[in-house]
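Protein chains in written order, with my numbering: chain A, 89 to 412; chain B, 33 to 348; chain C, 1203 to 1699; chain D, 5 to 323. All residues carry an ideal CB built from backbone N, CA and C; glycine is no exception. No experiment lies behind these values; they were computed from the predicted model shown. Take a look at the structure set out below.
Written as structure tokens, this is what we have:
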């Protein structure tokens, strides 16, 4: 008993299984990089690495919020549509007021409000998150289309565009944002009471409730955060492509979900990490980057992505076996 | 809770109203506001349009009852229809082509089943993966082009009628009754309820859970193959984007129909109503010339309202 | 006299990685007898039964059917010898009807291949249900049934396979007294029809009331096979535990009640209770007795804020509360729910995670979580409650029932709760551990806490509680002061006249 | 039950707020999606013309962008409504042939614009020749880089008629300039973000890029953003002559954009449909001249489409 006690004085509260998975996943990234490096001489250049990081930032920001939702055994299919609407609103606010800050506030605010709505549908109205957010996706898309009426908003002040295309000390801005939210997300999940409660809810909502955890409120929070992150992501997109269009968020949702799953977060809730999601986002981005570098027929992209998702999760299940 | 026999086994009590109410409201609303709506021609039109989605929603109901999911079904449909088109053009034999399409469905169904049952990969992820694979294959085979030049004999399957009833409706009706029989009158169906409700019960009864799971996904794949036939006949061609996103429409229809994602609590008739409700909504809005953007929002509203009503019912 | 046993296991041994679950156990069962199988959790009872029904394969040992040597390598083989098991967690499918459940996997075929003959299934099911005197429409879906009814279905299921040997694993654990009587009546009927019954139980009263023979397992070994007449409860427990234990835990001393901690007035709720009035004082253990289904759990949940209430008020330390488990927890109320696994614990998470869950807000008022501090807090609890676990990182699912229960209690010590509601604290816990749980309750009240304890075992109420309320069909029908606290009184109030 | 009432009324109000039909002739217009500005221009064109000609147009757009089955369903629904005429852009030029045949069978006159359908009978086809536009705008860029250097092509959605023809035009222009090297030709699905990321990745492989031929304006914009992000210079051309493109030309960021005038196509398509209804003679085919918009001639394009007036058929056909 004593020795046992001493051994886990330093050890974290997470199960060793998580560590195992993180290891497998990093291994995957390394292998992928090694492969690409041998195939393409430009892959390992600093520029390209920064480039990959910048591209993964967008995916990660959406996926990081989603990770929390999936930790509670929920799902948010509306983030793509959320990005679109938030981006369009933010864009027009910037256009009208000329104030980037106001625009950013709008984008994040809009995202958060949408998330809040999702949270209410799931908790107060008890609609399964899968369906609630699916319906929400359609409604948001409708509003976006209606609002944009097929037009494009473009040309934002340079200081705002720095957020997407700017550099600081030779590193692209989005990378800083990504790192920042990796830390915030990680701390929130691992080092706050709310984070712990979220894990508990994912593991067993009934127990959590009977242990004095305000399950409904935490769920609403989680969806709101997921929405806010989508809002943030929308700003990055805006700043990068310098324009907003109704279809901006299309086909961003499934990749984000894939990133979370490849990142080792379980759909059944209670286990997973934000850091894992970053790795997931990196893997998916690396694949696309590699394909462009090697100029592989883009038709291969969905196929390869699909195979990678399967592989990653299969390795997980194996890791769990060994872990237990 | 009523306790009158068989009906209970078929209808999850709390669920009955939602979709029915919505459907009635929609039909009443459109019937009043849009003259063209309540005509036999239009009703036939709505039903025909709903057939392909129904062919996907039926197996989706069964799959969801096993606490599973099949995100690949739309992409499999697409790939199957491409294979069908390519084969029929190459060989000129519709039968062979149809078998090929079924083959594709079978393979993907089998693949999903094995990955889920044997490799223990959660259905959502498995089928998300196979979705990518099917989509990729479709693009690779066609290079993004539609496949055209299909003999009329295939188109007949969609446009033809028997005794004034369009073939698609007959096929869909058959599919529905077959699925109903499977679900409520065969061992397969009984074990589907058990897969979602209590797998331990199956094990104790000495029935292979894995085998059953695989069968369920194979059923999904095969139905996708049938749907591919209708889709190809309808477009008189095959296109690598034709079925994109249909899996979510199907899942939504099932959920709207009152099948819950837990404990094998499913309701096949609800799925049928759900599919029709979506069809009626789209058709009615088109007849009213409602702007597309509003239509998009309405579809979302339909899904949420239907489940909202169910939720309210479930409370008491 | 030499009776050829209906079925016999000889020299059964079974090893799991690290543990010798069964060590040369021999066990025989005769036609028409009720054979009690007793022993602490982990003594090897369920392993033995799993081997009997073919779920596990023995490493060593032989089987004899009517004296003939046979082998049991899988469940179908076991079924061939008419061995059927009724597990604690039922193997029923909620959205199939009773008949389909009874014949699951053995459906009658109709002419069409693969199709089932529903009419025949229902008819046969009706016949079986009549046989056990269970009058219910076989077309009812199972999800609408109560625990007792589901158990009846399980039994019907077993008999429909013409079981000659019926294994029951703590069948009365979730039954009310009346349902228990029905069950016993049926067991008697089965005996007459020559069915042999292997009955696993932790309730000594049952063991002596029902058993024709008793077999005691301890640490995977067959300690004794004896007749009820030859032994006494205390001897039996000593055999089970391996050391003398007083089955009836007696509290060394009782603190004098202090101020009123909980005061409930005219509480009514939609979950099936009305006009509840009760008070609990500091230093008191107050019992809440009554039949299963009399509304005890519902009242507890409502007091804790887990269920809605429609009328009345709840005061904790004079402050009105209700409607929010969060507030209740913050104000120092604790609920130890009746079902550990589904309500008390997050089974997949670690022991440490579970222990700190309820206390998070108290331990980390800043809102920031520090694993180190959490570990310390958790370890303190583990030592205080003597929870047996190698590390804090072990999934709580791997602990024994007793230790799991301690974790659920420990959860609340961190939240420095001062009013505890225990709902069936000793369910599924073996005799040795029971005493420990009671010692724990005792300790709590001596530190000034107040306790409301729900239990179906009147004997526990009588020995542990200072006072007790008795409920019947959603109402409190009486309060028994310490001197009038007897099983007879509880039963008299509890059951319908 | 209260909730129920609320939700029901909610649906009703949501549903039956659609515009009612006006009397007089109605023309149903089919476009591919609600997100691409090009089709918005087309819709505006049809509406402007309709106002001028005193008819009513109703827009039908798939709720899922470019969804083949859905456009087919919408056609089937519209046939039930029997509008007087239809102006039609097929989501896919081959897969929608059955839809056209259904329209023909219903005896509704249908005018085809933008993407030439592979089958069915049309009153007329109004379009611009993707190939020659691609050719001429590519020539413009290749001339600007002095007939030599490294060029990248950003293709549209694989297999779409528009993309195929425009890229074919690009390639033929390349053939005329043997000294120009084609570094890569990758699809970016007509989308900004894709173009941006594809471009970013390609820039890693190719240190020197002189020109980018993008098959539509959004992709051109994506490429420009990518280049700016990496502080690299290259001439970029796009196609469509969208508002955004014109502004970029004005500010010198975009070299040129091929004028694929959706507005005029909308106008003329509608006008032909109406003339046909009035039994007036109509040309079987109207092809807009390939015009390259650049610094020299962008001014007329600055006016937002909503404010432009439709040219008459004669004006178009004559010049």
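Quiz prompt | Contact under 9 angstroms by Cβ, residue 112/B with residue 207/B | solution = no
Practice problem: Return the CA-CA distance between residue 160/A and residue 307/A, expressed in angstroms with no decimal places. | Solution: 8 angstroms
Quiz prompt | residue 210/B classed as buried or exposed, judged by whether at least 16 other C-beta atoms fall within 10 angstroms | solution = exposed
Quiz item: Would residue 177/D pass as a contact of residue 89/D if the rule is Cβ separation under 9 angstroms?
Solution: no
Quiz item: At a CB-CB cut-off below 8 angstroms, which residues of chain C make contact with residue 95/B?
Solution: The contacting residues do not exist; residue 95/B stays about 16 angstroms from chain C at best.
Quiz item: Is DSSP giving residue 1475/C helix, strand or coil here?
Solution: strand
Quiz item: Closest Cβ-Cβ distance between residue 37/D and chain A: below 9 angstroms?
Solution: yes
Self-check item: Strand pairing of residue 30/D, partner residues [DSSP]
Solution: 60/D
Quiz item: DSSP on residue 1655/C, reduced to helix/strand/coil?
Solution: strand
Practice problem: Show which residues of chain B have a CB atom less than 7 angstroms away from the CB atom of residue 77/D. | Solution: 81 and 314
Quiz item: For the segment 1600-1612 of chain C against the segment 1509-1524 of chain C, are there 3 or more C-beta pairs whose distance is under 8 angstroms?
Solution: no
Self-check item: Sufficient close CB pairs (3 or more, under 8 angstroms) joining the segment 145-159 of chain A to the segment 331-345 of chain A
Solution: yes
Quiz item: Is residue 1305/C near the ligand NAP, in the sense that its beta carbon is under 8 angstroms from a heavy atom of that ligand?
Solution: What this structure holds is no ligand at all, so the ligand NAP is not there to describe.
Practice problem: Pull out every residue of the segment 222-234 of chain A whose Cβ sits closer than 9 angstroms to any Cβ of chain B, in chain order. | Solution: 222, 223, 224, 225, 226, 227, 228, 229, 230, 231, 232, 233 and 234
Quiz prompt | Any chain D beta carbon closer than 9 angstroms to residue 186/A | solution = no
Self-check item: Element boundaries [alpha helix (DSSP H), containing residue 263/D]
Solution: Looking at the DSSP string, residue 263/D is not in any alpha helix (DSSP H); the run it does join, the beta strand (DSSP E), is 260-263.
Exercise. Assign residue 1555/C to buried or exposed, taking buried as 16 or more other Cβ atoms, counted over all protein chains shown, within 10 Å of its Cβ.
Key: buried
Self-check item: Residue nearest to residue 329/B in terms of C-alpha spacing, selected from 220/A, 198/A, 226/A and 125/A
Solution: 226/A
Quiz item: On the three-state DSSP scale, how would you describe residue 188/A?
Solution: helix
Practice problem: Report the residue from 183/D, 305/D, 93/D and 204/D whose alpha carbon sits nearest the alpha carbon of residue 140/A. | Solution: 204/D
Quiz item: For residue 328/A, which residues in chain D fall below 7 angstroms Cβ to Cβ?
Solution: 200 and 229
Practice problem: Please name the residue, chosen from 197/A, 282/A, 190/A and 157/A, that lies closest to residue 221/A on a Cα-to-Cα basis. | Solution: 157/A
Quiz item: Quick one: does residue 406/A have its CB under 9 angstroms from some CB of chain D?
Solution: no
Quiz item: Looking only at C-alpha atoms, which of 1507/C, 1312/C and 1214/C sits nearest to residue 1419/C?
Solution: 1214/C
Quiz item: Are the segment 1266-1274 of chain C and the segment 1237-1250 of chain C touching by the rule of at least three beta carbon pairs closer than 8 angstroms?
Solution: no
Practice problem: Could you check how far apart the C-beta atoms of residue 239/A and residue 44/D are, in whole angstroms? I think they sit under 8 angstroms. | Solution: 6 angstroms
Practice problem: Flag residue 151/B as yes if its beta-carbon sits less than 9 angstroms from any beta-carbon of chain A, otherwise no. | Solution: yes
Exercise. Note down, in chain order, each residue of its chain lying with its Cβ closer than 7 angstroms to the Cβ of residue 114/B, except the 5 sequence neighbours on either side.
Key: 170, 173, 174, 179, 270 and 272
Quiz prompt | When 307/D, 117/D, 52/D and 185/D are compared against residue 247/D, the one with the closest alpha-carbon | solution = 307/D
Quiz item: Relative to the C-alpha of residue 132/A, which residue among 385/A, 387/A and 377/A is closest?
Solution: 377/A
Quiz prompt | C-alpha distance - residue 195/A paired with residue 350/A, whole-angstrom precision | solution = 28 angstroms
Practice problem: Quick one: which residues of the segment 291-312 of chain A get their C-beta closer than 9 angstroms to a C-beta of chain C? List them in chain order. | Solution: 291, 292, 294, 295, 296, 297, 298, 299, 300, 301, 302, 303 and 305
Quiz item: For the alpha helix (DSSP H) that residue 269/B lies in, which residues bound it at each end?
Solution: Element bounds for residue 269/B: n/a, residue is neither H nor E.
Quiz prompt | Environment of residue 212/D [buried if 16+ CB atoms lie within 10 Å] | solution = exposed
Quiz item: Beta-carbon separation of residue 101/D and residue 73/B under 9 angstroms?
Solution: no
Quiz item: Could you give the residue range of the alpha helix (DSSP H) that holds residue 1237/C?
Solution: Run containing residue 1237/C: none in the alpha helix (DSSP H); it sits in the beta strand (DSSP E), 1236-1240.
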